[in-house]
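Notes for the one structure printed next.
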Amino acid sequence: MGRETRRILAIALKDLTAERRTKANFNGVLFFAVLILLMFGFALGPDADALRDASAGVLWLTVLFGGVLAFNRSYEMELENGALDALLMYPGDRKSIYLGKLIANLAFVLLVEVLLVPMAVVLYNLPVNPRMAPVLLVLLLGTIGFVTLGTFYAAMASRVRAREVLLPLLLFPVLVPLLVAAVQATRAIMTGDVMGDSHAWFKLLVVYDVIFLVASYFAFEYVIEE
Amino acid sequence: MKTWLANYPVRPRWLRILGWSVFAFFVATQAIAWKISPPDRDMGHLEKILYVHVPGAWVSFVAFTCVFVASIMYLITRDIKHDLFAASAAEIGTVLTGMTLGLGSIWGRPTWGVWWTWDPRILTYTVLLLIFISYLALRSFVDDEDRRARWSAAVGIIGFLDVPIVYMSVKWWRTLHQMQSTPSTIAREYIIGMDLNAFAFLFIFLYFVIARYRAARVMHAVESRREDAALGVGEAMHV
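Listed in order, the protein sequences are those of chains A and B.
Using my numbering, the first residue of the first sequence is number 1, and each one after it goes up by one.
Using my numbering, the first residue of the second sequence is number 227, and each one after it goes up by one.
Written as structure tokens, this is what we have:
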């Protein structure tokens, strides 16, 4: 294992350990996400068919609204006691800090989804069968793109006043293609994908992930330097 | 000690002349476009709004490209001038984008019967406006100058990369479900008006960017001077 890889994993592990010890953030985000899921149900229901039709969009909005709360936190803990300055002083490439935090945030959001999706299946009465398996891939690809930009923008937003407002303001407009692609792919799979629509959306998600992973990876240095 | 600031009027004589010339050119191109274009068979005189709407849309993409290029230039050179230029272009671009959307909506109501429709170009354009606004919001939230320049450059670059993907996604989103209407071929009389006005808008854009950029430079210099005075550094050269 290369030095950079070890550095990246060390940062990811550090963040996840801090999260595991307090759990405050995870519990908060999870509870908030479940709450949104229920609130959408109240707003759109009680017609079961209407709920099922809307479920792909609802699930993705829930992930975005819940996840956006997690990203600022991953830098806020660095701001306490000047931990960020110490982190920046360590030798090695600063891009590792970005990738480390990206992995930790990805694990965080995916774990929220692991608990959230079964809840959505129950609440929105969604079908569960082997045909639905590609939805998990959509979830993974969509989450990678979301966390990539979330981790990147939070590096800025977490360090200004009004950070709670600024992060979604920066993040959501650029997430529009991701939201459209993820929701449409999920819907196509749920309705049997007779037209083979989901392939185009998968491609779009992969392209989106790659472009912004590369762009954020290289731009991060400029954002984090002091 | 005299510095360049003392000899740097925000609106010098040549800039005022430029402003009036640009305005006169715009009035002339509008008049020509109105004169030579016959009323459209379906829209009637409504088509006249397109001589503002379409050039506005084109030039707002020019503005966005300026932000992108200036952002990259800033990250390479670290010269604050590129950042100030990007900010100026973004401000004018936001106004143009907002104006284009508003005019499109006014045009759409009698033509299509709706103020708003989920059309790929409208949606892309709306997302473009949102990205512009978030860019300016970020700038207003960050006080430190160097940090603001670096951060907004990053946001400008990411936002620019996003726009073609937005267009692709909303286009597929619509076409996978319903047929999309294509713009019919346009007669020559209309094209001349559009092209002339595209230049008029480009000049308007340039005039405002120059004016805004000069103001931004003076504000930057004053800010630096004030900081130095507070720190007791004394009169240092800036910019």
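Quick reminder that beta carbons are idealized off the backbone N, C-alpha and C, glycines included.
Within-7 Å CB hit, residue i to chain A
i: B/F367; result: yes
i: B/A447; result: no
i: B/W342; result: no
i: B/D388; result: yes
i: B/V392; result: yes
i: B/V321; result: no
i: B/V280; result: no
i: B/R304; result: no
i: B/M376; result: It should be noted that the sequence gives Arg, not Met, for residue 376 of chain B. So yes, B/R376 belongs to the interface.
i: B/H403; result: Confidence at B/H403 is low in this model, with a pLDDT of 48, below 50, so the placement of that residue should be treated as unreliable; the coordinate-derived value is given next. No, B/H403 does not count as interfacial toward chain A.
Simplified DSSP state of residue i, which is helix, strand or coil
i: B/D266; result: strand
i: A/P134; result: helix
i: B/G502; result: The first residue shown for chain B is 227 and the last is 465, placing residue 502 of chain B beyond what the model contains.
i: B/T408; result: For B/T408, the predicted structure reports a pLDDT of 45, less than 50, and the residue's modelled location is therefore unreliable. A value from the coordinates is still provided. Reduced to three states, the DSSP call for B/T408 is coil.
i: B/H403; result: Residue confidence for B/H403 is low, a pLDDT of 48 falling below 50, so the modelled location carries little weight and cannot support an answer.
i: B/Y351; result: helix
i: B/W344; result: coil
i: B/N233; result: helix
i: B/M227; result: Per-residue confidence for B/M227 stands at a pLDDT of 44, beneath the threshold of 50, marking its modelled position as unreliable; no derived number is given.
i: A/A200; result: helix
i: B/Y393; result: helix
i: B/N423; result: helix
i: A/G92; result: coil
i: A/I11; result: helix
i: A/A76; result: Note that residue 76 of chain A is Glu in the sequence shown here, rather than Ala. DSSP places A/E76 in helix when its eight states are reduced to three.
i: A/E225; result: coil
i: A/R187; result: helix
i: A/S158; result: coil
i: A/N25; result: helix
i: B/D388; result: helix
i: B/V368; result: coil
i: A/A45; result: According to the sequence as given, residue 45 of chain A is Gly; it is not Ala. Of the three classes helix, strand and coil, the one that applies to A/G45 here is coil, per DSSP.
i: B/D305; result: coil
i: A/P127; result: coil
Which listed residue (the options) has its alpha carbon closest to that of residue i
i: B/H308; options: B/A456, B/R335 and B/S378; result: B/S378
i: B/Y433; options: B/L457, B/P336, B/A447 and B/I318; result: B/I318
i: A/Y124; options: A/F42, A/L111 and A/F152; result: A/F42
i: A/F151; options: A/D15, A/A185, A/R21 and A/A162; result: Sequence inspection shows Thr at residue 151 of chain A; the Phe mentioned does not correspond to that position. Minimum Cα distance to A/T151 is reached at A/D15.
i: A/F172; options: A/A215, A/G66, A/G2 and A/V34; result: A/G66
i: B/R443; options: B/A426, B/P265, B/L349 and B/L310; result: B/L310
i: A/L170; options: A/F202, A/H199, A/N72 and A/I103; result: A/N72
i: A/A215; options: A/V176, A/L38, A/V180 and A/T148; result: A/T148
i: B/T343; options: B/S263, B/G270, B/L327 and B/F427; result: B/L327
i: B/D372; options: B/W240, B/T291, B/L301 and B/S331; result: B/L301
i: A/E4; options: A/L99, A/L115 and A/M119; result: A/L99
i: A/V34; options: A/V122, A/I189 and A/L166; result: A/V122
Chain B residues whose Cβ lies nearer than 9 Å to that of residue i
i: A/L59; result: Result: empty, since nearest Cβ-Cβ is about 17 Å, beyond 9 Å.
i: A/L166; result: S360, A363, L364 and F367
i: A/I211; result: L387, D388 and I391
Contact set between residue i and chain B, taken where Cβ atoms lie within less than 8 Å
i: A/R131; result: Those do not exist, as A/R131 stays about 20 Å from chain B at its closest Cβ, beyond 8 Å.
i: A/R161; result: F367
i: A/V223; result: R376, W377 and A380
Within-7 Å CB hit, residue i to chain B
i: A/A50; result: no
i: A/M77; result: no
i: A/V135; result: no
i: A/F42; result: no
i: A/A86; result: no
i: A/A215; result: yes
i: A/M156; result: yes
i: A/A56; result: no
i: A/A252; result: Absent from the model: residue 252 of chain A. The displayed extent of chain A is 1 to 226, so no value can be given.
Where residue i meets chain B, residues with beta-carbon distance less than 7 Å
i: A/L170; result: S360, L364 and V381
Contact set between residue i and chain A, taken where Cβ atoms lie within less than 9 Å
i: B/S395; result: V176, P177, L178, L179, V180, A181, Q184, W201, L204 and Y208
Residue i: contacting residues in chain A (beta-carbon distance under 8 Å)
i: B/G385; result: P173 and V174
Neighbour list for residue i in chain A, Cβ cutoff strictly below 7 Å
i: B/L356; result: P173
i: B/W399; result: V180 and Q184
i: B/V353; result: P173 and V176
### Query
Can you find at least 3 beta carbon pairs, one from the segment 372 to 385 of chain B and one from the segment 349 to 362 of chain B, that sit closer than 8 Å?
yes
### Task
Report yes or no: do three or more beta-carbon pairs, one from the segment 229 to 248 of chain B and one from the segment 208 to 224 of chain A, lie closer than 8 Å?
No contact exists between the segment 229 to 248 of chain B and the segment 208 to 224 of chain A.
### Message
With a threshold of 8 Å, are at least 3 pairs of Cβ atoms found where one atom belongs to the segment 52 to 59 of chain A and the other to the segment 145 to 160 of chain A?
### Response
no
### Contact list for the segment 286 to 301 of chain B against chain E, Cβ threshold 8 Å
Among the protein chains in the structure shown, which are A and B, there is no chain E.
### Task
Examine the Cβ distances between the segment 128 to 140 of chain A and the segment 48 to 55 of chain A and report whether three or more of them are shorter than 8 Å.
no
### Query
So, do the segment 197 to 209 of chain A and the segment 140 to 147 of chain A have three or more beta carbon pairs nearer to each other than 8 Å?
Yes, the segment 197 to 209 of chain A is in contact with the segment 140 to 147 of chain A.
### Query
Okay, do the segment 436 to 455 of chain B and the segment 237 to 251 of chain B touch, 3+ Cβ pairs below 8 Å being the bar?
yes
### Query
Is the segment 253 to 263 of chain B touching the segment 332 to 339 of chain B in the sense that three or more CB pairs, one from each, lie closer than 8 Å?
no
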